[in-house]
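Let me begin by presenting the structure, written as structure tokens, before commenting on it.
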Amino acid sequence: MSGLRPAALFRVEGALTPRPAVLAAAWMAANAQRLEERAARLGAVALGAPLAFGLGDPTTGQRLAWAALRGTSEDRLRVLGQDYAESWLFGDLRPAGVDLLEQARRDGCLLVLISDHPDVIAEPLKRHLKADLLVANRLELRNGAATGRLVDPVVARFGGQALRDLAHAHQLDLGRSRAYAAAGADQVLLSAIGLPCAVHPDRALRRVCKDLDWPVVEG
Amino acid sequence: MRTEEALAGKHLVITGFTGFVAKVLVAMLLERAPDIGRITLLIRPRGRIRPALVRAEKIVDTSPVFRTLRARHGARLADFLAGRLDALDSDVEKPRCGLDDEGLDRLAGADAVIHCAGLTDFAPDPLKALTANVAGATHAAQLAEELGCPLVHVSTCYVAGARGRAVIEEALAVGVSPNGQRLDAAAEVRALQLACRGVEAAGDRIRIGMERAEALGWPNIYTYTKGLAEHLLARRPGLDLTIVRPSIVECAREFPFAGWNEGLNTAGPLAWLISTAFRRLPTVPAHRFDVIPVDDVAKGLAAITAAAIRGFGGGVFQLASSDHNPLTFDRAVELTGLGMRRWTRKGGGRTVDRALFRFLDPVPVPAEAPGPLAVDRLRGWAKDLRALLREEPVPEPLEKLVGDRLASLRARLADQLGEADETLERVERMLALYRPFIHDNDWEFRTGRARALTAHEGAFRFDLSDLDWCDYWVDVEYPGLRTWCIPILDGVEIPSDPPSSPPFRLQRTEWAHRVASK
């Protein structure tokens with residue numbers, strides 16, 4: 001026995017929810033404390049949106065989108081994060097993704113969520129889904145407020161060294177693990193895992209799935 | 220020795236059981252120190268039909284504070300309380316708390332008197348405040364002296380008045396008011412009584428009391444009379460005195476259950492204020508808003524009483540948060556808005572709250588520059604518009620066109636503006652009353668003595684370092700205020716728990732029977 005255990009890695013955006021993280025940034029910007037702040041913050045999110053939606057470097061897109069929350073208090077991030085998760089994510093989970101997660105749980109896999117959303121939103125989702133581990137973005141805080149920066153490493157394209165570090169830290173057997181994702185940008189993650197699977201994939205990932213004969217789940 | 224061990228077999232006499240803090244204290248003692256000898260409640264009877272015992276029974280039977288105790292003991296609650304809890308007809312506003320010799324005999328051997336009774340309104344009739352807060356404390360002291368036991372007097376941190384930033388746990392300087400003027404407390408009481416007695420209108424008496432309080436450096440009549448009481452108690456050399464000063468007592472964080480509150484406390488009206496269309500609270504953002512959950516007060520009070528009984532009390536203990544886990548006003552204002560968002564999202568509030576107000580977060584604004592939506596400006600606009608609607612004639616062609624409908628619409632609008640003006644006037648008065656607490660002063664109440672004394676405690680440890688203000692304010696304090704306090708401001712009565720059937724009765728001792736039948 002190697003002592004390594006299989007995991008099921010779920011890319012939250014796409015595999016579990018159709019909502020990209022940039023929508024959460026926009027929602028939080030639109031709920032800034034002062035009315036006059038809201039338009040300015042929304043404008044800033046809009047600047048990063050095209051990149052975050054895949055028209056360029058997604059890491060830069062994430063950084064730009066969340067920079068709009070600079071100066072937002074930690075209290076506000078926590079409360080709005082929880083409220084966003086409960087209002088917009090919990091009720092909008094992909095049934096196919098949730099079924100796969102439950103199946104993985106029954107199979108004894110360690111459940112790992114990988115999310116572009118910051119931890120203030122992803123953590124309530126992790127609790128809701130009773131997952132074991134969470135890899136999510138984190139907003140840097142100073143003196144009780146967000147600096148507007150995401151703490152490195154930014155979760156946008158997850159894979160490579162970050163995945164190896166995760167496997168090492170939690171004794172994961174990647175060869176026996178499974179991964180579920182939906183975007184072309186996630187093929188790095190899927191290709192590093194023994195049992196890759198696409199859930200409701202975008203066009204780029206669908207093409208890869210066809211070429212590499214990866215299973216595709218719709219719904 | 221822990222509090223629950225120190226209180227085993229001890230007899231405590233407690234005033235103010237019908238109030239907020241004492242109820243929680245008694246329930247907590249009965250739950251967490253079940254080996255306590257006896258708690259005797261001194262309660263003012265309501266006429267002949269509701270003696271102290273009946274009032275105590277009703278509270279134990281129907282107050283939410285005792286829910287957990289009732290649930291734990293069920294039908295055997297009376298057995299559990301037999302010998303542990305009784306109540307005496309008394310009146311702290313009378314000498315010896317209104318107890319006759321028989322009543323005093325009942326208290327012989329008491330180990331401590333905890334004086335919680337008081338009038339906590341900021342601007343009450345000064346004559347009533349003097350009777351409840353000053354005479355009440357003096358009579359409780361008299362009782363403790365006669366019984367030969369320590370007096371634990373519950374005061375308030377704000378007796379410090381508007382002096383300096385850090386307030387340490389020490390007695391007030393005898394003969395000196397908070398702003399440094401010479402003060403003879405007994406003469407001050409007499410002078411205030413004289414000044415108020417000839418004045419018929421309560422409003423004028425309140426104005427006199429407020430002016431006098433401010434002249435001596437106290438923010439209001441409540442702190443003024445509590446301060447005078449401390450000054451007078453300090454002049455009793457034979458009294459074994461321990462003063463406990465809580466800051467602003469708010470919703471319980473865990474005991475009897477999260478969110479429990481009773482009556483109108485400081486944060487209730489403020490939360491109500493910034494949950495209405497009024498969204499701009501004049502305050503200094505970095506100033507501290509010293510709030511403490513009521514169960515933390517009860518924990519500290521119980522532990523300090525146990526120490527006083529063992530001879531380790533004496534002096535002043537402050538129960539506050541500002542020195543070791545401060546909450547600033549900008550944070551409290553933002554958390555109140557966030558609390559409202561969450562509460563309305565879960566279905567609370569009116570349609571207008573859910574559809575509109577939840578998205579308009581309150582903001583702190585400087586009192587000197589409150590902006591275009593300042594209360595006085597809004598009132599001015601409301602008055603001008605009302606006058607316009609009432610007095611300006613409608614152009615003849617328009618009147619011919621729409622006839623009476625326009626007149627009735629104008630009258631309706633004018634009435635609504637009148638109501639809005641009344642609400643704004645209430646807001647204005649409230650802001651003036653709260654200004655010393657939310658704007659003018661930045662108090663830091665030191666609690667080192669209280670925390671050191673209770674550091675080894677378990678169930679009675681006083682320390683707010685672990686209190687997460689965000690979780691507490693959004694998920695406990697705000698919903699608690701909406702449930703237990705704010706409805707009172709809207710004129711709604713807070714329902715009690717349904718009485719048990721058959722009616723709950725504390726076990727009547729032979730003596731209690733005699734008193735009840737008198």
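Protein chains in written order, with our numbering: chain A, 1 to 219; chain B, 220 to 737. By construction, the Cβ of each residue, glycine as well, lies at the ideal position given by its N, Cα and C atoms.
Which residues in chain A have a C-beta closer than 7 Å to the C-beta of residue i? List them in chain order.
{"i": "V693/B", "result": "V79"}
{"i": "R561/B", "result": "V79 and D83"}
What's the C-alpha gap between residue i and residue j?
{"i": "H506/B", "j": "T461/B", "result": "29 Å"}
{"i": "P583/B", "j": "A46/A", "result": "29 Å"}
{"i": "R221/B", "j": "T673/B", "result": "9 Å"}
{"i": "K737/B", "j": "L366/B", "result": "Note that K737/B has pLDDT 49, beneath the 50 cutoff, so the model's placement of it is unreliable and the number below is only indicative. Rounded to the nearest angstrom, the two C-alpha atoms are 24 Å apart."}
{"i": "A630/B", "j": "L608/B", "result": "7 Å"}
{"i": "C415/B", "j": "L700/B", "result": "34 Å"}
{"i": "A32/A", "j": "Y443/B", "result": "41 Å"}
{"i": "V711/B", "j": "G482/B", "result": "12 Å"}
{"i": "A331/B", "j": "R464/B", "result": "17 Å"}
{"i": "A356/B", "j": "H372/B", "result": "7 Å"}
{"i": "T547/B", "j": "T502/B", "result": "10 Å"}
{"i": "C335/B", "j": "P153/A", "result": "56 Å"}
{"i": "C376/B", "j": "Y653/B", "result": "16 Å"}
{"i": "F474/B", "j": "A39/A", "result": "43 Å"}
{"i": "S309/B", "j": "W479/B", "result": "28 Å"}
{"i": "A160/B", "j": "E610/B", "result": "Because chain B spans 220 through 737 in this model, residue 160/B falls outside it and cannot be assessed."}
{"i": "L625/B", "j": "A574/B", "result": "29 Å"}
{"i": "K130/A", "j": "T237/B", "result": "45 Å"}
{"i": "L520/B", "j": "F536/B", "result": "9 Å"}
{"i": "I255/B", "j": "D549/B", "result": "43 Å"}
{"i": "P612/B", "j": "T495/B", "result": "33 Å"}
For the beta strand (DSSP E) that residue i lies in, which residues bound it at each end?
{"i": "C197/A", "result": "L195 to V199"}
{"i": "P118/A", "result": "L110 to P118"}
{"i": "V371/B", "result": "L370 to V373"}
{"i": "F536/B", "result": "G534 to L538"}
{"i": "G148/A", "result": "A145 to L150"}
{"i": "H334/B", "result": "A331 to H334"}
Restricting to Cα atoms, I'd like to know which of the options is closest to residue i.
{"i": "D716/B", "options": "V273/B, L244/B and T287/B", "result": "T287/B"}
{"i": "H170/A", "options": "A179/A, D132/A, G144/A and P201/A", "result": "D132/A"}
{"i": "A490/B", "options": "L249/B, V245/B, I657/B and F299/B", "result": "I657/B"}
{"i": "R19/A", "options": "F90/A, R5/A and L139/A", "result": "F90/A"}
{"i": "G235/B", "options": "G228/B, A225/B, T259/B and I425/B", "result": "T259/B"}
{"i": "A290/B", "options": "E644/B, D320/B, A246/B and I255/B", "result": "A246/B"}
{"i": "C197/A", "options": "A21/A, L125/A and V216/A", "result": "V216/A"}
{"i": "G148/A", "options": "A29/A, R5/A and L23/A", "result": "A29/A"}
{"i": "D542/B", "options": "D459/B, K347/B, E469/B and G667/B", "result": "G667/B"}
{"i": "D202/A", "options": "D165/A, R176/A and G14/A", "result": "G14/A"}
{"i": "A432/B", "options": "S466/B, E276/B and V408/B", "result": "V408/B"}
{"i": "A586/B", "options": "I705/B, W562/B, A448/B and L650/B", "result": "L650/B"}
{"i": "D320/B", "options": "L362/B, F576/B and L300/B", "result": "L362/B"}
{"i": "A24/A", "options": "G194/A, F10/A, A8/A and A65/A", "result": "A65/A"}
{"i": "H450/B", "options": "P438/B, P397/B, V468/B and R472/B", "result": "P397/B"}
{"i": "P314/B", "options": "R295/B, G530/B, V418/B and V353/B", "result": "V353/B"}
{"i": "A351/B", "options": "P456/B, G266/B, G337/B and A527/B", "result": "G337/B"}
{"i": "R384/B", "options": "F299/B, E647/B and E663/B", "result": "E663/B"}
Return the first residue and the last residue of the alpha helix (DSSP H) that residue i is part of.
{"i": "A471/B", "result": "That residue, A471/B, is in no alpha helix (DSSP H); it is neither H nor E in DSSP."}
{"i": "F576/B", "result": "No alpha helix (DSSP H) holds F576/B; DSSP gives it neither H nor E."}
{"i": "R207/A", "result": "R203 to L212"}
{"i": "Q62/A", "result": "P58 to A67"}
{"i": "R668/B", "result": "G667 to L672"}
{"i": "I707/B", "result": "I705 to L708"}
Chain B partners of residue i, CB-CB under 8 Å?
{"i": "R76/A", "result": "E553 and L557"}
List, in order along the chain, the chain A residues whose C-beta lies closer than 8 Å to that of residue i?
{"i": "V582/B", "result": "Q33 and R34"}
For a contact defined as C-beta to C-beta under 7 Å, what are the partners of residue i on chain B?
{"i": "S73/A", "result": "E553"}
Output, in chain order, the set of chain A residues within a Cβ distance shorter than 9 Å of residue i.
{"i": "A564/B", "result": "The amino acid at residue 564/B is misidentified as Ala; the sequence shows Arg. Residues of chain A passing the Cβ test: D83, E86 and S87."}
When the cut-off is 9 Å and only beta carbons count, does residue i lie next to chain C?
{"i": "L483/B", "result": "Here the protein chains are A and B, and chain C is not one of them."}
Practice task
Closer than 7 Å, Cβ to Cβ, to anything on chain B: give me those residues from the stretch 19–42 of chain A, in chain order.
Solution key: Q33 and R34
Practice task
Taking only beta carbons into account, state which residues of the stretch 356–376 of chain B come closer than 9 Å to chain A, listed in chain order.
Solution key: none
Exercise for the section: Determine which residues of the stretch 536–550 of chain B have a Cβ less than 7 Å from any Cβ of chain A, and write them out in chain order. Expected result: R550
Problem - Short-range partners of chain A found in the stretch 668–691 of chain B, where Cβ spacing is below 7 Å - result: C689
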